[in-house]
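First the structure, in the form of structure tokens, and then the observations on it.
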Ligand SMILES: C[S@@+](CC[C@H](N)C(=O)[O-])C[C@H]1O[C@@H](n2cnc3c(N)ncnc32)[C@H](O)[C@@H]1O
């Protein structure tokens, strides 16, 4: 079975379409951006930390990516077109400052905005690691996502239920109408 990161990528690959627009809501060390670049015409990538932006500017091909040093909750300042794929990986910057993490309030604010930009059959994936805040961000996000109209969105949880110690899991949202 796929780990959560591969499962997220496979969901997106499965719905491949030409000229897609991707958004990486949590750039970090750029792994999701590099994946999205490989299948999208253009990718917009957000991170509140300049360290992440500077790191990725050096290691990624900048030809089809816009790196944005701002919180993803301000997405409407930068993107006013429909998008195909959106990826989140919550938590802190790998090998960075562990005190700077994603937070319920801004994550949900950004979700509310980006959901309105999602094309029909577009996909949002959210990699969730409950270790950094004992699961409160994950709980808040799930409470919000449970309110989405099932006629318009599929919301899936992919989780290894027999793993102990804060096993990471994935939430995926597909707009169906
Ligand atoms: C777990 S890391 C992402 C890992 C990344 N996808 C990768 O491939 O390395 C989470 C990132 O989210 C960033 N972040 C935290 N709050 C944010 C916010 N409000 N807007 C955008 N990025 C944020 C952190 O700075 C951190 O780099």
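In the working numbering, the protein residues as written are 1 to 177. All residues carry an ideal CB built from backbone N, CA and C; glycine is no exception.
Under DSSP, the alpha helix (DSSP H) around residue 163 begins and ends at which residues? Here residue 163 belongs to no alpha helix (DSSP H), and DSSP marks it neither H nor E.
Cα-Cα, which of 169, 100 and 33 is closest to residue 49? When only C-alpha atoms are compared, the closest one is 100.
Using alpha carbons as the reference points, say which of 54, 27, 87 and 103 lies closest to residue 12. Ranking the options by Cα distance to residue 12, first place goes to 87.
What are the partner residues of residue 87, as DSSP defines its beta bridges? In DSSP, residue 87 forms a bridge with 24 and 125.
Residue nearest to residue 138 in terms of C-alpha spacing, selected from 126, 5, 148 and 80: Checked all of 126, 5, 148 and 80; the closest Cα to residue 138 is 126.
Is residue 42 a contact residue of ligand 1, with contact defined as CB to any heavy atom under 7 Å? no
Applying the criterion that 16 or more other CB atoms from any shown protein chain within 10 Å of the CB defines a buried residue, is residue 37 buried or exposed? buried
Which of the three DSSP states is assigned to residue 213 in this structure? Because the chain is modelled from 1 through 177, residue 213 falls outside the range shown and cannot be assessed.
Measuring CB atoms only, is the region 24 to 39 touching the region 52 to 68, in the sense that at least three cross pairs come out at less than 8 Å? yes
Helix, strand or coil for residue 33? Go by DSSP, reduced to three states. helix
Quick check on the DSSP output: the beta strand (DSSP E) that includes residue 101 runs from which residue to which? Per DSSP, residue 101 belongs to no beta strand (DSSP E) and is neither H nor E.
May I ask you to list the residues that DSSP assigns as paired with residue 169? 128
Taking one C-beta from the region 77 to 96 and one from the region 110 to 129 each time, how about it: are there three or more such pairs within less than 8 Å? yes
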